[in-house]
Each structure stands twice: as structure tokens, then as C-alpha cells.
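Asker: Shown below is the structure under consideration.
2 protein chains.
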Amino acid sequence: MSEFTYKKDIFKEYLTFSQDKSFLLESGKTFGPITICFETYGKLNRDKNNCILITHALTGDSHVASHDELDSAGWWEDFVGPGKIFDTDKYFIVCSNVLGGCCGSTGPSSINPETNEPYGINFPIITVKDIVNAQRKLFDFLNINHILAVVGGSMGGMQSLQWSVSYPDFMDGIINLAAPLNLSTEAVGINHIMRKSIMWDPNWNNGNYYGSDFPAKGLSIARMIAMLTYQTRDLIDKKFGRKIKNNIDDFFKSLDAEFEIDSYLSYQGEKLVQRFDANTYLYFTRAMDLFDLRREYGSYAKALSCIKAKFLLVAISSDTLFNISELRRAKDILKLSSVDLEYNEIQSDYGHDSFLVEVDKYKDCISNFLDTLHDEINYRETWKEFEYSTGNI
Amino acid sequence: MSEFTYKKDIFKEYLTFSQDKSFLLESGKTFGPITICFETYGKLNRDKNNCILITHALTGDSHVASHDELDSAGWWEDFVGPGKIFDTDKYFIVCSNVLGGCCGSTGPSSINPETNEPYGINFPIITVKDIVNAQRKLFDFLNINHILAVVGGSMGGMQSLQWSVSYPDFMDGIINLAAPLNLSTEAVGINHIMRKSIMWDPNWNNGNYYGSDFPAKGLSIARMIAMLTYQTRDLIDKKFGRKIKNNIDDFFKSLDAEFEIDSYLSYQGEKLVQRFDANTYLYFTRAMDLFDLRREYGSYAKALSCIKAKFLLVAISSDTLFNISELRRAKDILKLSSVDLEYNEIQSDYGHDSFLVEVDKYKDCISNFLDTLHDEINYRETWKEFEYSTGNI
Numbered sequence: 001m002s003e004f005t006y007k008k009d010i011f012k013e014y015l016t017f018s019q020d021k022s023f024l025l026e027s028g029k030t031f032g033p034i035t036i037c038f039e040t041y042g043k044l045n046r047d048k049n050n051c052i053l054i055t056h057a058l059t060g061d062s063h064v065a066s067h068d069e070l071d072s073a074g075w076w077e078d079f080v081g082p083g084k085i086f087d088t089d090k091y092f093i094v095c096s097n098v099l100g101g102c103c104g105s106t107g108p109s110s111i112n113p114e115t116n117e118p119y120g121i122n123f124p125i126i127t128v129k130d131i132v133n134a135q136r137k138l139f140d141f142l143n144i145n146h147i148l149a150v151v152g153g154s155m156g157g158m159q160s161l162q163w164s165v166s167y168p169d170f171m172d173g174i175i176n177l178a179a180p181l182n183l184s185t186e187a188v189g190i191n192h193i194m195r196k197s198i199m200w201d202p203n204w205n206n207g208n209y210y211g212s213d214f215p216a217k218g219l220s221i222a223r224m225i226a227m228l229t230y231q232t233r234d235l236i237d238k239k240f241g242r243k244i245k246n247n248i249d250d251f252f253k254s255l256d257a258e259f260e261i262d263s264y265l266s267y268q269g270e271k272l273v274q275r276f277d278a279n280t281y282l283y284f285t286r287a288m289d290l291f292d293l294r295r296e297y298g299s300y301a302k303a304l305s306c307i308k309a310k311f312l313l314v315a316i317s318s319d320t321l322f323n324i325s326e327l328r329r330a331k332d333i334l335k336l337s338s339v340d341l342e343y344n345e346i347q348s349d350y351g352h353d354s355f356l357v358e359v360d361k362y363k364d365c366i367s368n369f370l371d372t373l374h375d376e377i378n379y380r381e382t383w384k385e386f387e388y389s390t391g392n393i
Numbered sequence: 001m002s003e004f005t006y007k008k009d010i011f012k013e014y015l016t017f018s019q020d021k022s023f024l025l026e027s028g029k030t031f032g033p034i035t036i037c038f039e040t041y042g043k044l045n046r047d048k049n050n051c052i053l054i055t056h057a058l059t060g061d062s063h064v065a066s067h068d069e070l071d072s073a074g075w076w077e078d079f080v081g082p083g084k085i086f087d088t089d090k091y092f093i094v095c096s097n098v099l100g101g102c103c104g105s106t107g108p109s110s111i112n113p114e115t116n117e118p119y120g121i122n123f124p125i126i127t128v129k130d131i132v133n134a135q136r137k138l139f140d141f142l143n144i145n146h147i148l149a150v151v152g153g154s155m156g157g158m159q160s161l162q163w164s165v166s167y168p169d170f171m172d173g174i175i176n177l178a179a180p181l182n183l184s185t186e187a188v189g190i191n192h193i194m195r196k197s198i199m200w201d202p203n204w205n206n207g208n209y210y211g212s213d214f215p216a217k218g219l220s221i222a223r224m225i226a227m228l229t230y231q232t233r234d235l236i237d238k239k240f241g242r243k244i245k246n247n248i249d250d251f252f253k254s255l256d257a258e259f260e261i262d263s264y265l266s267y268q269g270e271k272l273v274q275r276f277d278a279n280t281y282l283y284f285t286r287a288m289d290l291f292d293l294r295r296e297y298g299s300y301a302k303a304l305s306c307i308k309a310k311f312l313l314v315a316i317s318s319d320t321l322f323n324i325s326e327l328r329r330a331k332d333i334l335k336l337s338s339v340d341l342e343y344n345e346i347q348s349d350y351g352h353d354s355f356l357v358e359v360d361k362y363k364d365c366i367s368n369f370l371d372t373l374h375d376e377i378n379y380r381e382t383w384k385e386f387e388y389s390t391g392n393i
């Protein structure tokens, strides 16, 4: 009897660690069964040395890019595909919706088999380490015990950092885009406000809103707050300035009249509500708050000394959420810990969002780094036996 | 029959422009009657040339300082009093709660005499110009037709700027602390989010919550958002770091566990809810959005060319809400407009809040400026006839 059950739905693949009571969370609790939804791009080669794991940020999912021309665009469409930075003609790309998510993997909106109701806030508190441990199990199923690289930005960068420390022999390279060693006090505070805006929405109903009204307003407020941290003040000043949506006379009639920046923010709030679960937002922001390798290792230096992979750390000059000073601190401690580090500062006007939108600025630094990871990868020789996806289990 | 009715309640004085239907708002609407609540400190001298108007910021009121040892502290306690920067042994200080406020002056929580119900959102949209015009009427009542200076920070600075343009002959000096010529796109966006958090609180009830449950959660969210803009990330990092309020184990039990920054923000939210009206928060943030002298004058240069007073503009180096670049822009345009300008940049780690807390950094620059305004002020000779407060009307 297999440890796993597996199903596939067009491009999304779902792996359930069947009745796996041994999945131990950082809290000390065991939790399961867990389903991890993932998507793959490109093909694993015979040597199984061309696999890259991409980890997603706060509101991401497994759909990192489109699979064909008819498929919808992914969240890193410009970065992943044939001929792109993460060239799917060369690499076998894996991207999973992380534990706690709302896009196929087990999260607060999933059915708790013990109650037949959604978990809601009975979902356990999870950490970035738990998220990474669940991803690790995915590779057991894929029968891959070493990969070329783990890559992620923002909350995805935290995962890449955790991977490098928790499983130092598992990868040749780590690419961490814009994630510091821990959240700043300000970022923790912002997460607090965003969670309160959700939890104080009466529709939140202590997390039990599935099947009834969604806490859309609370999640919208959270998203609007977040959007202002992802960009720079200069950028939105250039984009929107003081342009008004309505006629100026409307401003003297009602508080509802909007500047263009107001409409933009409201629209971004509405869009997220269409696709994201409010409880997952709570659990992920808390996982980010709690990301702190010192809890397990005592100090950053001790934690980072575990790292064996080559490490590419990329900071964004104008990032107001994860400030350049925090990334430089990460760089310093990584160096002190004798990590084989490459550090790069992207000069950008975009702020935190840069790693999602300015593909040209990342192309050389990431491509060159990937090239250094492995001397000889035979990209063309696809491993024919690797056919879990047609049901080898 | 007087144009005014007046009453006094210990230190607070209330002036009502009786049935004053001629109070024309910038929107073109007439509005009234209007009551302006004000407090005075020190005494007007015989020459009536020692009066300073202090204008308050978003959540301020007329209580700029305590009146005696038994009185509660005011919002600018360190700045106003005997021997302080605004020395009440020398100056006659006037501070009014501004139009639209919730601390004695007519605002959305006031009773609309036509309906005998609070105005709520039937209160008209007001602008900084309307706020200043109402303050101007206060001086008609006080029988003062020229004052030494108008002083204010943040939204108070916007008022001082409007005063200097609308009533150029009325004062010798203007002190504008930290207010730019207009809100940045980001600040407009933050105001939008804060208003939405209030208006989406079900207790807001389209503004009709007086006598029933207050939209406390919405106003708390707004205040928490604002608090992070009033300080710098470095400052809160030093103050709170990643210290936790609860035991780390509590974080694995519930989403309610708090870092110290979380508790601090929540506490600030709760405190504002005790003393401030949510509708006033809506009207004031919108008045700040709409502050733009170009609407009336066509260009900043044309507007600022009206100014006759000496002008002290003070910028805060670390202000993240009203960025130093915006203040430098204001300085440049004031200079281009031939304003007799003194410009000062306060080197501070506090951010926007600096002008409320770092009294020592402002002492010399403000005191020296006040000294230049008038050659000969006889502070000791009090104008005996000035006794409106004992009922001369």
C-alpha cells in the first residue's frame, strides 16, 4: 500500500500523504492527511539533476506559468517557460501551492475529515518550516532526492532560506529574492493590522464563513494595505498622481468620490477577494511573522552555517517592505557563516514587486547563477521512466 | 442683537455664529449655525499684537495645553505654557477645534437643528479653506483683526498655509510644520483605505451610529494604519523589535497571540476610539485629500504669491508620511513666489510625529522666528477691556 494517493486534473496534480499521522508540525502537533497541489513544467532528465523548485509568495499558488497557449498566465509568467530564465526546455520546474494555502493544498478551507467541515481556525498554526517539510515530502513521492535549486521571492524567499538550512544536502543552489532573515517590526505590525481587518469583519465569524458570506471587506482592506507596501511612493505618484476618477464636483457631494489611486486600490482588493481565502491570509501572515531561524538554532550564524548550497541573495534597492538594510544584514550574516554567497542589488523603482515584474533586471544574474550550479546537465535526455503522472503508484 | 452667541464651560469656550446663513462653504453651499469651540492661554496685550493661533492636526482639538496644574495635559503640552516655546506669559494663544471636529465645534456628530438628529453624513463636505474661514470668524468675535502668527503641524500646517494665502494681511508670521503643498498619491491612498475601514464597519451604518454601537473596529484599523505612518521603521524596531507579548507557545495555539508591536497598535486604536468620532475622521481625511491651492488660484505660484507674512517652513528629515522631498518642493515654490521664507530641516529619527514630541529640536528655530516678527511687543500691558469671556456680549 502506498504512502501517497495521487490525482491529476488537467495540469494540476494533487498528492495526498495518506493518513500520514507522522507529519509533525513545528508546534509539536501531528497533522494530516495533507494534500499538496503542484504543477510541473518541462521534463526531468535521466540524471535527475535538472529539477528546480519554485516557492510562491503570500498570495501565489502552484500556477507559476501557463502550460500551453490556451492556458491562463501564471504569477511568474515572464520568468518561467521555454527560453525564459527558468527555461522549461532545460529545467524540470516544480511549483506547489504551499501547506495552508487555498489553491489545492490543504489549508483552512479544506474539509477536516474528522468533522466533515472546513477546518477554519481549527487548522493548526503553521510555520515556514512546516511548509518546507511538506514540500520535501512531495519529492519523496517524485522519487527525487536531490534538486538543482530552490527559488523564491518574498515569502517564497523565506522558504528557500528554510530549505537551505533544513535540507542542506538536497539542492545545489538557493535563490532568495528579497526575503530578509526575519520580518521587521513594521512588517509584523502591518500583518497584525491586516489580520485584524479580516478578523473584525463580522462575516469572518471566527473563521466559519464557508458556505455563507465571505469576509470580503476585511480581506479587501488587508490587500489594499499590502498593495501600498509592494510599490514605492514615487511609482504610484507617477502612475496616478492626484488624478481624480470622478468630476471634482462629485467630491463635494459625497465621501464616495474617488481619486484614481483610490479606485486602483479598491480594484486590487476586489480582485484578491475573488481568488483568495481570508483564513489562508491569516495563517500565511502569521507564518511570516514567526519565520525566525533562531528559534531552532539559537542564532542566525548557527542556522546559516548548516547551508551547503551555493546561495544567491537578491535585494531590491527600493523595497519598502523588506528594506535593503535588512537584506544587507542577511548578506553579512550569510558571509560570516561561510556560505558560498553571491549577493546582488537590483536597482529598481518598483519596490518589492520588482521581482515579479522586472524580468530583464533578473535575467543575467539568475541565469548565470544557475549555470554555475552544475557542470554537466544533459537537458535533452529525458528520463523516460519518470512517469508518476500517468499512474505509477 | 449680536451676530454671535457665546458660552464658557471651565476652560472651553463656545462661539456660535447665530443663524449665520452667510457662511459659504467652498462647495458653494451655505451652512450654519456653526459653533467653534476654542481655548485661550495667556492674555491679549493692550496693543493686541501678541496673539498666536495654533491649528490642530487630524485628531487634535482645542486643548493644546493644560490651563493649570489640575488640568489635563494638552496635545502640545511641551510647546505651550509659561516659559515654553509658545510662552503664555508673552503670547495670547488661541486654539480652536476646527469645523467638522468632534471636540466641541460643529461636526458630523452635532445636532442638525433642522432634523434634531446628528448630521452624520448629511454634514457637508468641507475643505481646509472652510476650516480656516470659520476660524477667521472667531477673530471677528474676539475683535482682533491682526495676529502675530498662525502655527500648525500636519493638517494644522495645511491650515497655516491656507491662512497665509486667504488672509495675507491678517498675520505677521506663518509657521508650517511638516505640511506639504498637497498630499502625495500614497497619502491619498492611505486615507482611502482608512475611510473604507470605517465605512465598511457595519456599525458605521451610513454614518447613523449615534446612540447605537460605534464603528470602533473600523476606526481602530484606521488609527493603526495611521500610527505606522507617523513613525519610522527604525524607531519602532528600536522600541519593540520582535519582542512578544505572550509566551511563544501561545503563538502555536491561537492567531490572537501578539508581538509587542501588535499590542501597541491595538492599544493606540482603542485609545482613539475613546475620544474621537469616526465621521470626523472621514471628513478630515477627505479635507486633507482635497487640500490643493491650485483649485482656486490655478497654480501654486499664483496662490503663494499672495502671501505677505514671513513664513517658517519646517521639514522633518525622516518623515515617511510627508516626505522631505515634498517639503523641499514646497520650499522651492515658496521661494519662487517671493515669499519671505525661512526653511529648516529637523534631523530626526521620529518621523512625522517629531513635531509633537521633540520639543528641543524646535525651540530655537521657532523662538527665533517669533522674535523676528514684531519689533516691540509689550507683553506686560494686558488689555483690560478685553473681557468677552465674562460676558461682554
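Protein chains in written order, with full-length UniProt numbering: chain R, 1 to 393; chain S, 1 to 393.
Each residue gets a CB set at the ideal place from its N, CA and C atoms; glycine is no exception.
Suppose only complete runs of 3+ residues qualify. What are the beta strand (DSSP E) ranges in the segment 121 to 177 of chain S, listed by chain order?
Answerer: As far as the segment 121 to 177 of chain S is concerned, its whole beta strand (DSSP E) runs of at least 3 residues are 147 to 153 and 171 to 177.
Asker: For residue 398/R, count neighbouring C-beta atoms within 10 Å of its own C-beta (all shown protein chains included) and say buried if the count is 16 or more, exposed if not.
Answerer: With chain R covering 1 to 393 only, the question about residue 398/R has no answer from this structure.
Asker: Out of LEU235/S, ARG195/S and PRO118/S, which has the shortest C-alpha to C-alpha gap to LEU282/S?
Answerer: The residue labelled residue 282/S in the question sits at position 282 within the second sequence. Among LEU235/S, ARG195/S and PRO118/S, the Cα nearest to that of LEU282/S belongs to ARG195/S.
Asker: Quick one: grab the DSSP three-state call for ILE221/R.
Answerer: Here residue 221/R refers to the residue found at position 221 when the first sequence is read from its first residue. Correct three-state label for ILE221/R: helix.
Asker: What are the residues of the segment 159 to 188 of chain R that lie near chain S, defined by any Cβ-Cβ distance shorter than 7 angstroms?
Answerer: Those would be ASN182, SER184, THR185, GLU186 and VAL188, in chain order.
Asker: Since SER197/S meets chain A, which of its residues come closer than 7 angstroms, beta carbon to beta carbon?
Answerer: Protein chains R and S are contained in the structure displayed, whereas chain A is not.
Asker: Alpha carbon to alpha carbon, how far is ASP61/S from TRP75/S? Give it in angstroms, no decimals.
Answerer: By 1-based counting over the second sequence, the position of residue 75/S is 75. By 1-based counting over the second sequence, the position of residue 61/S is 61. Rounded to whole angstroms, TRP75/S to ASP61/S spans 8 angstroms at the Cα level.
Asker: If we ignore side chains and look at the alpha-carbon of each, how far apart do SER66/S and SER27/R end up?
Answerer: For the purposes of this step, residue 66/S is taken as the residue at position 66 of the second sequence. For the purposes of this step, residue 27/R is taken as the residue at position 27 of the first sequence. Cα to Cα, SER66/S sits roughly 51 angstroms from SER27/R.
Asker: Any heavy atom of the ligand ATP inside 7 angstroms of the beta-carbon of ALA309/R?
Answerer: Absent from the structure shown: the ligand ATP. Ligands present: none.
Asker: What residue range is occupied by the uninterrupted beta strand (DSSP E) comprising LEU312/R?
Answerer: Taking the first sequence and counting its residues from 1, the one referred to as residue 312/R is at position 312. 310 to 316 is the span of the beta strand (DSSP E), which, as asked, contains LEU312/R.
Asker: Which residues in chain R sit within 8 angstroms of PRO202/S, going by Cβ to Cβ distance?
Answerer: Counting from 1 along the second sequence, the entry for residue 202/S is found at position 202. Residues of chain R passing the Cβ test: PRO202.
Asker: Does the beta-carbon of THR372/R have 16 or more other beta-carbons within 10 angstroms, so that it is buried, or is it exposed?
Answerer: By one-based count along the first sequence, residue 372/R stands at place 372. Exposed is the call here.
Asker: Listing by chain order, which chain R residues have their CB less than 8 angstroms from the CB of HIS192/S?
Answerer: By 1-based counting over the second sequence, the position of residue 192/S is 192. In chain order: MET224, GLU258, PHE259, ILE261, ASP262, LEU265 and SER266.
Asker: Examine chain R for any beta-carbon lying closer than 8 angstroms to the beta-carbon of ASN206/S, and answer yes or no.
Answerer: The sequence position of residue 206/S within the second sequence is 206, counting from 1. Not closer than 8 angstroms to any Cβ of chain R, the Cβ of ASN206/S fails to qualify, so no.
Asker: Determine contact between the segment 266 to 281 of chain S and the segment 308 to 327 of chain S, defined as no fewer than three beta-carbon pairs at a distance below 8 angstroms.
Answerer: Taking 8 angstroms as the limit for Cβ pairs, the verdict is that the segment 308 to 327 of chain S does not touch the segment 266 to 281 of chain S.
Asker: Under the three-state reduction of DSSP, which class applies to PHE252/R: helix, strand or coil?
Answerer: Walking along the first sequence from the start, residue 252/R turns up at place 252. Correct three-state label for PHE252/R: coil.
Asker: Quick check for students: name the residue ranges of the alpha helix (DSSP H) that lie wholly in the segment 254 to 315 of chain R, counting only runs of 4 or more.
Answerer: You should have 260 to 275, 278 to 290, 294 to 297 and 300 to 304.
Asker: Taking the alpha-carbon of LYS129/R as reference, which of MET227/R, GLY152/R and LEU99/R has the nearest alpha-carbon?
Answerer: Working through the first sequence from its first residue, we reach residue 129/R at position 129. The candidate whose alpha carbon is nearest that of LYS129/R is LEU99/R.
Asker: Work out the CA separation of ALA57/S and ARG223/S for me, nearest whole Å.
Answerer: The count along the second sequence starts at 1 and reaches residue 223/S at position 223. The count along the second sequence starts at 1 and reaches residue 57/S at position 57. Cα to Cα, the separation comes out at about 14 angstroms.
Asker: For ASP256/S, tell me which candidate among ASN323/R, ILE198/R, GLY298/R and GLU39/R has the shortest Cα-Cα distance.
Answerer: Counting from one through the second sequence, the residue named residue 256/S turns up at place 256. Out of ASN323/R, ILE198/R, GLY298/R and GLU39/R, ILE198/R has the C-alpha closest to the C-alpha of ASP256/S.
Asker: Please state the DSSP three-state secondary structure of VAL339/R.
Answerer: Translated into positions along the first sequence, residue 339/R becomes position 339. VAL339/R: coil per DSSP, three-state reduction.
Asker: Find the residues of chain R that neighbour GLY241/S, judging by a C-beta separation of less than 8 angstroms, and give them in chain order.
Answerer: As a working mapping, residue 241/S is identified with position 241 in the second sequence. Within 8 angstroms Cβ-Cβ: THR185.
Asker: Can LEU177/S and GLY152/S be called in contact, C-beta distance under 8 angstroms?
Answerer: Looking up residue 177/S in the second sequence gives position 177. Looking up residue 152/S in the second sequence gives position 152. The answer is yes: Cβ separation under 8 angstroms.
Asker: Check whether chain S comes within 8 angstroms of ASN112/R, counting only Cβ atoms and requiring the distance to be less than that.
Answerer: In the first sequence, counting from the first residue as 1, residue 112/R sits at position 112. No, because no Cβ of chain S sits closer than 8 angstroms to the Cβ of ASN112/R.
Asker: Roughly how many whole angstroms lie between the Cα atoms of SER318/R and ASN378/R?
Answerer: The residue you call residue 318/R lines up with position 318 of the first sequence. The residue you call residue 378/R lines up with position 378 of the first sequence. In a straight line, the C-alpha of SER318/R is about 39 angstroms away from that of ASN378/R.
Asker: Under the three-state reduction of DSSP, which class applies to ASN344/S: helix, strand or coil?
Answerer: Your numbering for residue 344/S matches position 344 in the second sequence. Looking at ASN344/S - three-state DSSP - the assignment turns out to be strand.
Asker: Beta-carbon of residue 401/S versus every beta-carbon of chain R: anything under 8 angstroms?
Answerer: Residue 401/S cannot be examined here, being either before or after the span of chain S that is shown, 1 to 393.
Asker: Could you check what DSSP says for GLY207/R in three-state terms: helix, strand or coil?
Answerer: The residue labelled residue 207/R in the question sits at position 207 within the first sequence. DSSP places GLY207/R in helix when its eight states are reduced to three.
Asker: Go to ASP364/R, then tell me how far its alpha helix (DSSP H) extends in each direction, as first and last residue.
Answerer: The sequence position of residue 364/R within the first sequence is 364, counting from 1. Note, ASP364/R: alpha helix (DSSP H), 359 to 373.
Asker: Report the rounded CA-to-CA distance for PHE4/S versus SER212/R, giving the unit in angstroms.
Answerer: To locate residue 4/S, count along the second sequence from 1; it is residue 4. To locate residue 212/R, count along the first sequence from 1; it is residue 212. Cα-Cα distance, rounded: 56 angstroms.
Asker: Per DSSP, which one or two residues make a beta bridge with LEU15/S?
Answerer: Here the question's residue 15/S lines up with position 15 in the second sequence. According to DSSP, LEU15/S bridges with TYR6/S and ILE36/S.
Asker: With distances taken from CA atoms, which of THR88/S, ASN50/S and ILE52/S is nearest PHE68/S?
Answerer: Taking the first residue of the second sequence as position 1, residue 68/S is located at position 68. The sequence shown places Asp at residue 68/S, rather than the Phe named in the question. The residue with the shortest Cα to Cα distance from ASP68/S is THR88/S.
Asker: Does the beta carbon of THR390/S come closer than 8 angstroms to any beta carbon on chain R?
Answerer: What you label residue 390/S is simply residue 390 of the second sequence in a count that begins at 1. For THR390/S, the predicted structure reports a pLDDT of 41, less than 50, and the residue's modelled location is therefore unreliable. The matter cannot be settled from this model.
Asker: Starting from the Cα of THR185/R, find the closest Cα among PHE170/R, ILE126/R, ALA330/R and PHE322/R and give me that residue.
Answerer: Locating residue 185/R in the first sequence gives position 185, where the first residue counts as 1. Nearest option by C-alpha distance: PHE322/R.
Asker: In terms of residues, what are the limits of the alpha helix (DSSP H) holding ILE190/R?
Answerer: Working through the first sequence from its first residue, we reach residue 190/R at position 190. Start and end: 185 to 199.
Asker: Between the segment 69 to 90 of chain S and chain R, which residues of the former have a C-beta closer than 9 angstroms to a C-beta of the latter?
Answerer: Under the 9 angstroms Cβ criterion, the segment 69 to 90 of chain S contributes no residue.
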